[in-house]
Ligand SMILES: Nc1ncnc2c1ncn2[C@@H]1O[C@H](COP(=O)(O)OP(=O)(O)OP(=O)(O)O)[C@@H](O)[C@H]1O
Ligand SMILES: [Mg+2]
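Structure below.
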């Protein structure tokens, strides 16, 4: 459903992505792995229209979307839960979730809100609370719930386990699996390699601006090159 | 005289009716500041343009300002929207300091255009109801001032409903604090910037229509109001909408009382005294949030 061909992107003279090729099929969980600062978030933001690619093509549901406006990309069902959560701290939890359907699935807002609260019951107890007062884990849930409110066809999760306690991380990965089981295709950007490969079908490993490794998760777990990429051995 | 509670109430109420206009002008300024994070230096000039628009609608078209507001508020919304989206934003290249300079430039252009087209003559309109006084118990108030106060309160309520009950209002608040997050849910930040600028301009047009029956127009009429509006916004807390409204009303009362104590012409001294005191002792204002 998503095809990336020869994608280039960066910041001014700083070229971060240098020719990425990627395929995502409907129903998959695909992990994108890579060390700090290698360009994972840059890739997400380019897919979502926040950064203009300098070259290459992105084809989403058969349409070219490289360089399209972010609101158009959201409207078509490609939605991300960003790094750092980016929730609206001055709005209530409920308002945050409501804005998740600002551009898409507005009509199903009530139904989707119920669904999200079943996935994240802790948010249900805090609907009227200012989102900025939530704990880190709760904020991550809120950001994820907000993403789901738009009925994504593809949900990109950028480091959902960052800053969570080990127990919360387990909970998060369990939830990602459940969300996927309900038909949402997922791109999981993570540094938590072992756990990500545990739930992903396939994975890409980003290194020096290109995907150095890719393949089924089960194969990559055992691949010595992955260890090398991560530990620099 | 100063110990007479009826007299004090009368002064306070008169102050509120003047403060209503300050509140509206400040609300527009606070909205634009709160969302775009810039001081709109063209705010006073926009008020001046709206006053001239209402003035000419009355003198040339015979349209009462209270009727004209139905056209001027939406008209100025569109004007403000286009101004931000197609003039201010493109010229500024997304830099806040540039935005500041562009609004300053616009205000110079507007002011001089007004001076050139309409000269520095002080203009007033004559409406019969300006001399109509309504007895409110403690004092009699000129009808237009009562209308202004009522309208300001109504706008306050409408504004609150817009901000808390509609997606547009929530999006405006979202953009004010978390632009990237807003983009991620598919909010067009450029659109929301322009809508906020448009709303701020529309409120100014409303203030102009409420003001004209008891006031005058000159090309520089906006300055006094913008200075007070700026004080109001600082007093209420930069970007706080409720703070701007309450601050405006309060400043009207302060001005009324210092007018009684120091003489009419010195009434505004009280306002600037407060401005300085707030900056000294509570620089974030009474409703503002400390910036992390
Ligand atoms: N707005 C920006 N302007 C300039 N350089 C940037 C910007 N954002 C990121 N970079 C640089 O681009 C590179 C890739 O950043 P990116 O955030 O995509 O990495 P990442 O893989 O997501 O890292 P992490 O795992 O730490 O989140 C980094 O070297 C970073 O310093
Ligand atoms: Mg990142």
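Chains as they are written, first to last, in this note's numbering: chain E, 1 to 233; chain Y, 1001 to 1292. Ideal Cβ placement from N, Cα and C applies to all residues, glycine included.
- Spatial neighbours of residue 1104 (chain Y) within its chain, please: CB distance less than 8 Å, with the 5 preceding and 5 following residues excluded, ordered by chain position. Residues of the same chain with a CB within less than 8 Å of the CB of residue 1104 (chain Y), apart from the 5 flanking positions on each side, are 1041 and 1042 in chain order.
- Through-space distance from residue 1229 (chain Y) to residue 1029 (chain Y), alpha-carbon basis: The alpha-carbon separation between residue 1029 (chain Y) and residue 1229 (chain Y) amounts to approximately 7 Å.
- Task: Identify every run of the alpha helix (DSSP H) within the stretch 1070 to 1145 of chain Y, keeping only runs that are complete inside it and at least 4 residues long; order them along the chain.
- Result: The qualifying runs are 1089 to 1092 and 1096 to 1118.
- Query: Which residues have their C-beta within less than 5 Å of a heavy atom of ligand 1, listed in chain order?
  - Reply: Listed along the chain, these residues meet the criterion: E:11, E:16, E:36, E:37, E:38, E:39, E:40, E:41 and E:42.
- Message: Whether or not the stretch 44 to 64 of chain E and the stretch 74 to 86 of chain E are in contact is what I'm after, with contact meaning three or more pairs of Cβ atoms, one per stretch, closer than 8 Å; do they touch?
- Response: Contact holds between the stretch 74 to 86 of chain E and the stretch 44 to 64 of chain E, because three or more Cβ pairs, one in each stretch, are under 8 Å apart.
- Query: Using a C-beta to C-beta distance shorter than 8 Å, which residues of chain Y count as neighbours of residue 80 (chain E)?
  - Reply: What residue 80 (chain E) touches in chain Y: 1184.
- Query: Using the beta-carbon of each residue, which ones in chain Y are nearer than 9 Å to residue 75 (chain E)?
  - Reply: The contacting residues are 1186.
- Message: 8 Å is my cut-off, CB to CB: does residue 50 (chain E) come that close to chain Y?
- Response: Residue contact with chain Y for residue 50 (chain E): present (Cβ-Cβ distance below 8 Å to some residue of chain Y).
- Under 9 Å between beta-carbons, which chain Y residues line up against residue 90 (chain E)? List them in chain order, please. Taking a Cβ-Cβ cut-off of 9 Å, the neighbours of residue 90 (chain E) in chain Y comprise 1173, 1174, 1176, 1177, 1178 and 1289, given in sequence order.
- Query: Comparing the C-beta of residue 1200 (chain Y) with each C-beta of chain E, is any distance below 8 Å?
  - Reply: No, its Cβ sits nowhere closer than 8 Å to a Cβ of chain E.
- Go ahead and label residue 1046 (chain Y) buried or exposed: buried means 16 or more other beta carbons lie within 10 angstroms of its beta carbon, across all protein chains shown. Here residue 1046 (chain Y) is buried, its C-beta having at least 16 other C-beta atoms within 10 Å.
- Between the stretch 41 to 55 of chain E and the stretch 7 to 27 of chain E, are three or more C-beta pairs nearer than 8 Å? At 8 Å Cβ cutoff, the stretches touch.
- Item | Boundaries (first-last residue) of the beta strand (DSSP E) holding residue 158 (chain E) | Per DSSP, residue 158 (chain E) is one residue of the beta strand (DSSP E) stretching across 154 to 158.
- Query: For residue 22 (chain E), does the count of other Cβ atoms within 10 angstroms reach 16, so buried, or fall short, so exposed?
  - Reply: The residue in question, residue 22 (chain E), is buried, as its Cβ has 16 or more Cβ neighbours within 10 Å.
- Task: Mind checking which residues open and close the alpha helix (DSSP H) that includes residue 1005 (chain Y)?
- Result: Start and end: 1005 to 1036.
- Task: Could you pull the start and end residues of the alpha helix (DSSP H) that residue 22 (chain E) belongs to?
- Result: Not the alpha helix (DSSP H): residue 22 (chain E) falls in the beta strand (DSSP E), residues 14 to 24.
- Nearest-angstrom beta carbon gap, residue 1219 (chain Y) and residue 1118 (chain Y) [assumed within contact, 8 Å]: Confirmed, about 7 Å.
- Message: Does the CB of residue 1181 (chain Y) have a neighbour CB from chain E at under 8 Å?
- Response: True, the Cβ-Cβ gap to chain E drops below 8 Å.
- Same chain only: Cβ atoms within 6 Å of residue 216 (chain E), ignoring 5 sequence neighbours per side: Taken in chain order, the residues that qualify are 202.
- Task: Reducing DSSP to helix, strand and coil, say where residue 1291 (chain Y) ends up.
- Result: The pLDDT assigned to residue 1291 (chain Y) is 43, lower than 50, so where the model puts this residue is not dependable; a value taken from the coordinates is nonetheless given after this. Taken through DSSP and simplified to helix, strand or coil, residue 1291 (chain Y) comes out as coil.
- Task: Take the Cβ of residue 167 (chain E) as the centre, count every other Cβ of all protein chains shown within 10 Å, and call the residue buried at 16 or more, exposed below.
- Result: With fewer than 16 other Cβ atoms within 10 Å, it is exposed.
- Residue from Y:1265, Y:1193 and Y:1248 whose Cα sits closest to the Cα of residue 1226 (chain Y): Considering only alpha carbons, the answer is Y:1248.
- Message: Just checking residue 159 (chain E) against ligand 2 - is the residue's beta carbon closer than 7 Å to any of the ligand's heavy atoms?
- Response: In this structure, the C-beta of residue 159 (chain E) approaches ligand 2 to less than 7 Å from one of its heavy atoms.
- Query: Within 7 Å: the Cβ of residue 71 (chain E) and any heavy atom of ligand 2?
  - Reply: False, no ligand heavy atom lies under 7 Å from that Cβ.
- Query: Per DSSP, residue 204 (chain E) forms a beta bridge with which residues?
  - Reply: Within the DSSP bridge table, the entry for residue 204 (chain E) names E:32 and E:214 as partners.
- Within the same chain, show all residues whose beta-carbon is closer than 8 Å to that of residue 1257 (chain Y), passing over the 5 residues directly before and after it, in chain order. Correct list, in chain order: 1011, 1012, 1015 and 1270.
- Query: What residues are listed by DSSP as bridge partners for residue 60 (chain E)?
  - Reply: Bridge partners of residue 60 (chain E) according to DSSP: E:2 and E:63.
- Message: Just checking: is the beta-carbon of residue 166 (chain E) within a distance shorter than 8 Å of some beta-carbon in chain Y?
- Response: It does not; no Cβ of chain Y falls within 8 Å.
- Output, in chain order, the set of chain Y residues within a Cβ distance shorter than 8 Å of residue 87 (chain E). Neighbours of residue 87 (chain E) on chain Y, chain order: 1178 and 1181.
- Item | Same chain, Cβ closer than 7 Å to residue 67 (chain E), neighbours up to 5 away in sequence not counted | Annotation for residue 67 (chain E): 52 and 53 place their beta carbon closer than 7 Å to its own, counting only its chain and skipping 5 residues before and after.
- Length of the line joining the Cα atoms of residue 91 (chain E) and residue 142 (chain E): If you draw a straight line from the Cα of residue 91 (chain E) to the Cα of residue 142 (chain E), it is about 12 Å long.
- Measure the alpha-carbon distance for residue 1102 (chain Y) versus residue 32 (chain E) and round it to whole angstroms. Spanning the two alpha carbons is a distance of roughly 44 Å.
- Buried or exposed (CB count within 10 angstroms, at least 16 for buried), residue 121 (chain E): Counting Cβ neighbours within 10 Å, residue 121 (chain E) comes out exposed, since fewer than 16 surround it.
- Item | Limits of the unbroken beta strand (DSSP E) element including residue 79 (chain E) | It spans 78 to 81 - the beta strand (DSSP E) in which residue 79 (chain E) sits, taken as one unbroken run.
- Query: For residue 140 (chain E), is the classification buried or exposed, using 16 other Cβ atoms within 10 angstroms of its Cβ as the cut-off for buried?
  - Reply: Result: buried.
- Query: Within the 8 Å Cβ cut-off, does residue 1167 (chain Y) reach chain E?
  - Reply: Using a Cβ-Cβ cut-off of 8 Å, residue 1167 (chain Y) counts as an interface residue toward chain E, since at least one Cβ of chain E sits closer than that to its own.
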